[in-house]
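Reviewing the structure listed below.
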Ligand code: HEC
Ligand code: HEC
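In my numbering, the protein residues as written are 1139 to 1340.
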C-alpha cells in the first residue's frame, strides 16, 4: 500500500511542477546499467545488476508491487528520475545528471522486480580478499587491482590506506559506508584489509 501512495504522490508532483523534464523514451539502458553499477549499486539491491547494497531500500522490493498492479514502466521511470533529482538524505544530491539520469531511471524501471539475484551471500565468498572486495566494496570504491571503478567512496589507489585503517573502516563503517562487522567474518575482514593495503596504488 505504502508504495502505491508514494507513486501517486510522485506522479502528482511531476505533473505539478518543473522537475527538469519527463522520462525519456529513448534511453540507453546499457549505459543505464553501467551508471547504476558505478553510482547506485553500493547502496541499493537490484538483482538484475547483481547489486546487494543495503544502505537504501531494495529496489526490487520497492517496485515489484507497483509492477504487479499494472503501473506503466514509464511511470516508474518518472519516480526514479524524481528520486535522483530530489533525493532525500542520505541519498546524495546531483549523483547523476542529464542523459545518464534518464538512462539509469529507464534501466531501473525495466529491471526492478524481475531478475533473480546471482550475488552470493557473504558467507559463501570465502576468504580471498580480492573476491570479497569485488562483491562488497567495488561498487563504491576505485581499486585497479580488483578492476573496481566505484566513485561513492574515496579512490583507494590514491588513498593507499594501511591495513589497520582498512580493517577499522570495514568493521565500523562511516558516512554512507555500512559497517561490515557481523556481515563479514573476522577472517574475511582481515583478508580484504590485507588485499586493499597490499594492492592499492599498484
Ligand atoms: C549513499 C547511498 C545511496 C546512493 C549512492 C543512492 N541511493 Fe537511492 N536511496 C538511498 C536511501 C537511503 C534511500 C531512502 C531515502 C528515504 O528514506 O527517503 C534511497 C531511495 C531511493 C529510491 C526510492 C525507493 C523507494 O522505496 O521509494 C530510488 C528509486 C533510488 N533511491 C534510486 C537510486 C538510484 C537510481 C541511484 C543512483 C543514481 C541511487 N539511488 C543512489 C541511498 C542511496
Ligand atoms: C555504500 C558505499 C560503500 C561501500 C559498499 C564500501 N565503502 Fe568504503 N567508504 C565509502 C565512503 C563514502 C567512505 C568515506 C567515509 C567518510 O568520509 O566518512 C569510505 C571510506 C573507506 C576507507 C577510508 C577510510 C579512511 O580512514 O580514510 C576505506 C579504506 C574503505 N572505505 C574501504 C572499504 C572496503 C574494504 C569495503 C568493502 C568491505 C568498503 N569500503 C565498502 C563508501 C563505501
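Where a beta carbon is used, it is the ideal one built from N, C-alpha and C, also for glycine.
Query, Result
"Quick check on residue 1319: does DSSP put it in helix, strand or coil?", "strand"
"Note down the Cα distance separating residue 1232 from residue 1241, rounded to an integer number of angstroms.", "15 Å"
"Once the 5 residues before and after residue 1154 are set aside, which same chain residues still bring their CB inside 6 Å of it?", "The pLDDT assigned to residue 1154 is 35, lower than 50, so where the model puts this residue is not dependable; a value taken from the coordinates is nonetheless given after this. Nothing listed; no residue qualifies."
"Per DSSP, what are the beta-bridge partners of residue 1286 in this structure?", "1281"
"Note down the Cα distance separating residue 1234 from residue 1222, rounded to an integer number of angstroms.", "7 Å"
"Skipping 5 residues on each side, what residues in its chain have a beta carbon closer than 7 Å to that of residue 1167?", "1241, 1244, 1245 and 1248"
"Where DSSP assigns a beta bridge to residue 1189, which residues make up the other side?", "1184"
"Mind reading off the beta-carbon distance from residue 1180 to residue 1288? Whole number of angstroms is fine, and I expect it under 8 Å.", "6 Å"
"Would you mind giving the Cβ-Cβ distance between residue 1183 and residue 1198, rounded to the nearest angstrom? I have them listed as a contact below 8 Å.", "6 Å"
"Hey, quick one: how far does the alpha helix (DSSP H) through residue 1265 stretch, first residue to last?", "Where residue 1265 is concerned, there is no enclosing alpha helix (DSSP H), given that its DSSP letter is neither H nor E."
"Just reading off the alpha helix (DSSP H) that residue 1201 is part of, what are its end residues?", "1197 to 1206"
"Tell me whether residue 1200 is buried or exposed, calling it buried when 16 or more other Cβ atoms sit within 10 Å of its Cβ.", "buried"
"Let me make sure I understand the geometry here. Which of 1219, 1315, 1292 and 1326 has the alpha-carbon closest to that of residue 1261?", "1326"
"Going by beta carbon distance, what residues of the same chain come within less than 6 Å of residue 1255, once the five residues before and after it are set aside?", "Here the model assigns residue 1255 a pLDDT of 47, short of 50, so the residue's position is not dependable, and the following value carries that caveat. Excluding residues within five positions, the ones whose Cβ falls inside 6 Å are 1185."
"So is residue 1204 buried or exposed if we call it buried at 16+ other beta carbons inside 10 Å?", "buried"
"I think residue 1276 touches residue 1283, with their Cβ atoms under 8 Å apart; what is that distance to the nearest whole Å?", "That pair is no contact at about 11 Å."
"Does the distance from the CB of residue 1286 to the CB of residue 1335 come in under 8 Å?", "no"
"CB of residue 1274 to nearest heavy atom of ligand 2: below 7 Å?", "yes"
"Could you pull out every residue in the same chain whose Cβ sits closer than 7 Å to the Cβ of residue 1211, ignoring the five residues on either side in sequence?", "1247 and 1248"
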